[in-house]
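Written out below as structure tokens is the structure these notes cover.
Numbering (my numbering), first residue to last: 17 to 485.
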């Protein structure tokens, strides 16, 4: 279970106390314990927004697992989402041991009886049945290994026999600058073999397996977004399609992100690009907090400006606890809550863990609508990033054919627009381009068509109307 806004303190001497804690008064005792002194933990936040604890079937706390999760989020500073995944994995591990009456600290006996190897054998059944992937099971095993390493290193745990066997090897790889390097890799016999995916004719590896949307289906997607008449969802999709932003960044855009007074229908520079700063030190979030500037065309800035000045948005903004207009989210729900709550704003929104679930649910409606024209159509939000990348690459390839750009300039341009740290990720787009000529559609041509169509449809359907009661 997850506890919200948990105060963090430690016992201390009377003279150092900042407050006193009364012991549990729910138990009946002849002589209740005296209150004891506590103080804030040094170099630690005063409160933990989300603290994950694991309960046993009888409701008792699983001490070791819960303390491990506590240390990860408070001392190691792991992300809440990462710790949440580890909590889920450890629950699965303990549930499987409990069903078969096994003790997670008992490493006596044959290898197959030890908790770690037993758990691997259970996960192997899931892989064989197709219920779970190898990579997912390796994540679960990684969480289990992490907990046992913590038990050994910090709690003095000494298993009677090996928990797993480790081996090291040296492998060659191309670093993010394109230089061949060698590194030592340490692996264990617990993990399943899982060959790392590269770009193929079916997907692009860019943080996840992304599948660019074909030219026809980009049109079908746009038709569906307009037909469903949800301006927030339409604009969020358009931002991703015209900038390559990740969902985390799109949904944490603020009023201050919008460049005012540019991109009107008659503006001859409406396809000019204006940067939006995001990442560490900025209210707009980015993957891993990486500081970056993402470019968005002027006409999209204009659409966002129209929207944030609309009665529909302003009605929602009045319900938000954010007071400074510049800090206000562009995308708010009917109740004034963000579709994605930035880490810095969790306290404002009652420590909400909302990360775009409404947008993902909306995608299901889009898929159903498009499948009336293409029964095989499906997409994920991150596919919009790959679609933007492929459209941009097609644009640059036209310039190459005209002698205006060379291959290295194309690669550098694409890498910068998508804010890739690793050149190998950018190379995946080039490989995908060569293998999928049917996807070739220049971004500039696409944007001209997109801007005209969206403006016409939004006017005809009055998409920026206030919320209906």
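Where is the CB? At the ideal position from N, CA and C, for every residue including glycine.
Given that a residue counts as buried once 16 or more other Cβ atoms are within 10 Å of its Cβ, and exposed if not, what is residue i?
i: residue 146; result: exposed
i: residue 256; result: buried
i: residue 386; result: buried
i: residue 61; result: exposed
i: residue 389; result: exposed
i: residue 247; result: buried
i: residue 45; result: Low confidence applies here, because residue 45 scores a pLDDT of 46, under 50, leaving its location unreliable and the question unanswered by this model.
i: residue 404; result: buried
i: residue 262; result: buried
i: residue 196; result: exposed
i: residue 337; result: exposed
i: residue 273; result: buried
i: residue 79; result: exposed
i: residue 312; result: buried
i: residue 186; result: exposed
i: residue 436; result: buried
i: residue 318; result: buried
i: residue 52; result: exposed
i: residue 38; result: exposed
i: residue 377; result: exposed
i: residue 27; result: exposed
i: residue 201; result: exposed
i: residue 392; result: exposed
i: residue 400; result: buried
i: residue 17; result: exposed
For residue i, which residues does DSSP report across the bridge?
i: residue 350; result: Paired residues: none, contrary to the question.
i: residue 184; result: 202
i: residue 63; result: 23
i: residue 18; result: 68
i: residue 220; result: 226
i: residue 270; result: 345
Could you spell out where the alpha helix (DSSP H) holding residue i opens and where it closes?
i: residue 385; result: 373–386
i: residue 89; result: 79–90
i: residue 131; result: 131–145
i: residue 247; result: 247–259
i: residue 490; result: Coverage of the chain is limited to positions 17 through 485, which leaves residue 490 absent and any answer about it impossible.
i: residue 110; result: 96–115
i: residue 431; result: 423–433
i: residue 76; result: No alpha helix (DSSP H) holds residue 76; DSSP gives it neither H nor E.
i: residue 240; result: 231–243
i: residue 487; result: The chain is shown only over 17 to 485; residue 487 falls outside these bounds and no answer can be derived.
In terms of residues, what are the limits of the beta strand (DSSP E) holding residue i?
i: residue 294; result: 289–294
i: residue 161; result: From DSSP, residue 161 is part of no beta strand (DSSP E) but of the alpha helix (DSSP H) over 150–170.
i: residue 14; result: Not covered by the structure: residue 14. The range shown for the chain is 17 to 485.
i: residue 263; result: Here residue 263 belongs to no beta strand (DSSP E); instead the alpha helix (DSSP H) covers 263–266.
For the pair the segment 431–448 and the segment 411–422, tell me if three or more CB-CB distances fall below 8 angstroms.
Fewer than three beta-carbon pairs drawn from the segment 431–448 and the segment 411–422 are found closer than 8 angstroms, and the two stretches are therefore not classed as touching.
Are the segment 352–369 and the segment 274–282 touching, with three or more C-beta to C-beta distances below 8 angstroms?
Output reads no: the segment 274–282 does not touch the segment 352–369.
With three or more C-beta pairs closer than 8 angstroms as the rule, is the segment 292–309 touching the segment 245–254?
Contact between the segment 245–254 and the segment 292–309 is absent, because fewer than three Cβ pairs lie under 8 angstroms.
What ranges does the alpha helix (DSSP H) occupy inside the segment 390–420, keeping only unbroken runs of at least 4 residues that lie completely in it?
Within the segment 390–420, the complete alpha helix (DSSP H) segments of 4 residues or longer fall at 399–417, listed in chain order.
Kindly provide the ranges of any beta strand (DSSP E) runs that are 3 or more residues long and lie completely inside the segment 306–362, ordered along the chain.
The segment 306–362 contains, as complete beta strand (DSSP E) runs of 3+ residues, the segments 308–313 (chain order).
Check whether the segment 114–124 touches the segment 173–191, taking contact to mean three or more Cβ pairs, one atom from each stretch, closer than 8 angstroms.
Contact annotation: the segment 114–124 touches the segment 173–191, with at least three C-beta pairs closer than 8 angstroms.
Does the segment 324–335 come close enough to the segment 367–386 that 3 or more CB-CB pairs lie under 8 angstroms?
These segments do not touch.
Between the segment 79–87 and the segment 161–173, do three or more beta carbon pairs fall short of 8 angstroms?
Yes: the two stretches touch, three or more of their Cβ pairs being nearer than 8 angstroms.
Quick test of the definition: if touching needs 3 or more C-beta pairs under 8 angstroms, does the segment 96–111 touch the segment 62–74?
Under the 8 angstroms Cβ criterion, the segment 96–111 counts as touching the segment 62–74, having at least three qualifying pairs.
Are three or more beta carbon pairs between the segment 223–239 and the segment 263–270 nearer than 8 angstroms?
Judged by Cβ distances under 8 angstroms, the segment 223–239 makes no contact with the segment 263–270, as fewer than three pairs qualify.
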